[in-house]
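Numbering (the working numbering), first residue to last: 269 to 624.
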């Protein structure tokens, strides 16, 4: 009897130790191109934000040196780059409504670390750098509510209700948003109906209260801030769809990128391309990095590069590893493109000289 009790006790202790070791050293999941953001830092440096594993790494594209700057136990909320003075600002979720703000130099050296206690940490945040006499700000989204905070962070200085009621849909929800500085807020919505999914953007001036909706999208898309502009870029894989659903057709020219002036809410530039449909995977992938627009053809495994104003820089280049890599940046001086290769489960940088 005593022996049996001892065996059970030993097994219990073993399970507790095993569980503790598993918790202390969690296994990373395979990273994904689609769940990794590329933040431009300088000509040869980017920050990769892996949202699957909650990692932020500064990567020198030439030396291939990678410097991790994140605390893997805390959710990454935002990463911003300041040019003058040169800083990388990383925001991560802390305890309760607290946010951890860590500032690094461009080479990854720690400059400062502080905690910000907000009234409500919300679902998603955007950090806004100080300008002139205006202190740093944080925009917080909680469902349909947007709140702009600044020191001492106790109550919002500006609030906005983004709820939309449209009887033509069963539901309309906030899917994404961009806020680089007051007063311009851009919100992407997902509208769902019977056998129908639509996406559109609403441009909001928080000062004048003017609102403009842009609805001529035939597929899902991403929105990104690019200086004084909002960029909308689509990526799509051709697939079978019901007859009443509006989606891209291989017979048509696709508007894969559009540039929208935040102040006027007018489209100032766009990029259109035609993509053939054949086999299992056909369609396109669009990326925007520091004013460079990458457009990849999923069928042909080629890519072209444009300026965000729509001028073509490179045409029909070979896409490394048949499109399994992620575009990072094209160096105009060395005429070299850099790609992220995750095939090993780790960060690997590939160089690809451009062809004439």
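The C-beta atom is built at its ideal place from N, Cα and C for all residues, glycine as well. It should be emphasised that the depicted structure is a prediction, and the values quoted were computed from it without experimental measurement.
Unbroken beta strand (DSSP E) run spanning residue 267, endpoints: Coverage of the chain is limited to positions 269 through 624, which leaves residue 267 absent and any answer about it impossible.
The segment 532-544 / the segment 598-609 touching (three or more Cβ pairs under 8 Å): As far as the Cβ criterion goes, the segment 532-544 does not touch the segment 598-609, which means the pair count is below three.
Status (buried if at least 16 other CB within 10 Å, exposed otherwise) for residue 297: By one-based count along the chain shown, residue 297 stands at place 29. So residue 297 counts as exposed.
Helix, strand or coil at residue 589 [DSSP, three-state]: Residue numbering aside, residue 589 sits at position 321 when the chain shown is read from its first letter. Residue 589: helix per DSSP, three-state reduction.
Nearest candidate by alpha-carbon position, reference residue 331, set 358, 311 and 449: As a working note, residue 331 is residue 63 in the chain shown. That would be 311, whose Cα lies nearest to the Cα of residue 331.
Three-state secondary structure assigned by DSSP to residue 421: What you label residue 421 is simply residue 153 of the chain shown in a count that begins at 1. The three-state secondary structure of residue 421, taken from DSSP, is coil.
Whole runs of the beta strand (DSSP E) within the segment 428-484, excluding any shorter than 3 residues: 439-449, 452-461, 464-473 and 479-482
Secondary structure of residue 361, DSSP reduced to three states: Along the chain shown, read from residue 1 onward, the residue named residue 361 stands at position 93. In the structure shown, the three-state DSSP call for residue 361 is strand.
Buried or exposed (CB count within 10 angstroms, at least 16 for buried), residue 388: Sequence index remark: in the chain shown, residue 388 carries index 120 (1-based). Answer is exposed; the Cβ neighbour count stays below 16.
Same chain, Cβ closer than 8 Å to residue 379, five either side skipped, listed in chain order: Against the chain shown, residue 379 aligns to sequence position 111. Excluding its 5 nearest sequence neighbours in each direction, residue 379 has C-beta neighbours in its own chain below 8 Å: 355, 371, 372 and 373, listed in chain order.
Reduced DSSP secondary structure (H/G/I, E/B, other) of residue 325: On the chain shown, position 57 is the one that residue 325 refers to. Strand, per DSSP.
Reference residue 580, options 596, 559, 589 and 587, closest by Cα: Locating residue 580 in the chain shown gives position 312, where the first residue counts as 1. Closest by alpha carbon: 559.
Nonlocal neighbours in the same chain, by C-beta distance under 8 Å from residue 434, ignoring five residues either side: As a position in the chain shown, residue 434 is number 166, starting the count at 1. The residues are 440 and 459.
DSSP-derived helix/strand/coil call for residue 409: The count along the chain shown starts at 1 and reaches residue 409 at position 141. Three-state result, residue 409: strand.
Same chain, Cβ closer than 6 Å to residue 390, neighbours up to 5 away in sequence not counted: As a first step, residue 390 is located in the chain shown; it is residue number 122 there, counting from the start. Same-chain partners within the cutoff: 408, 409 and 410.
Beta strand (DSSP E) segments (min. 3 residues) lying fully within the segment 492-528: List check, beta strand (DSSP E) in window: 497-501.
N-terminal and C-terminal residue of the beta strand (DSSP E) that residue 379 is part of: On the chain shown, position 111 is the one that residue 379 refers to. Unbroken beta strand (DSSP E) run through residue 379: 378-385.
Reduced DSSP secondary structure (H/G/I, E/B, other) of residue 549: Position 281 of the chain shown holds residue 549. Looking at residue 549 - three-state DSSP - the assignment turns out to be coil, as it is neither helix nor strand.
Identity of the residue in 547, 553 and 527 nearest residue 575 by Cα: The sequence position of residue 575 within the chain shown is 307, counting from 1. Comparing Cα-Cα distances from residue 575 to each of 547, 553 and 527, the minimum goes to 527.
Reduced DSSP secondary structure (H/G/I, E/B, other) of residue 603: Along the chain shown, one-based indexing puts residue 603 at 335. It is coil, neither helix nor strand.
Beta-carbon proximity of residue 503 to residue 553, cut-off 8 Å: Working through the chain shown from its first residue, we reach residue 503 at position 235. Working through the chain shown from its first residue, we reach residue 553 at position 285. The answer is yes: Cβ separation under 8 Å.
Residue 564, DSSP secondary structure in three states: Position 296 of the chain shown, counted from the start, is the residue given in the question as residue 564. Residue 564: strand per DSSP, three-state reduction.
Residue of 493, 521, 402 and 321 minimising C-alpha distance to residue 545: For the purposes of this step, residue 545 is identified with residue 277 of the chain shown, where counting begins at 1. Among 493, 521, 402 and 321, the Cα nearest to that of residue 545 is on 521.
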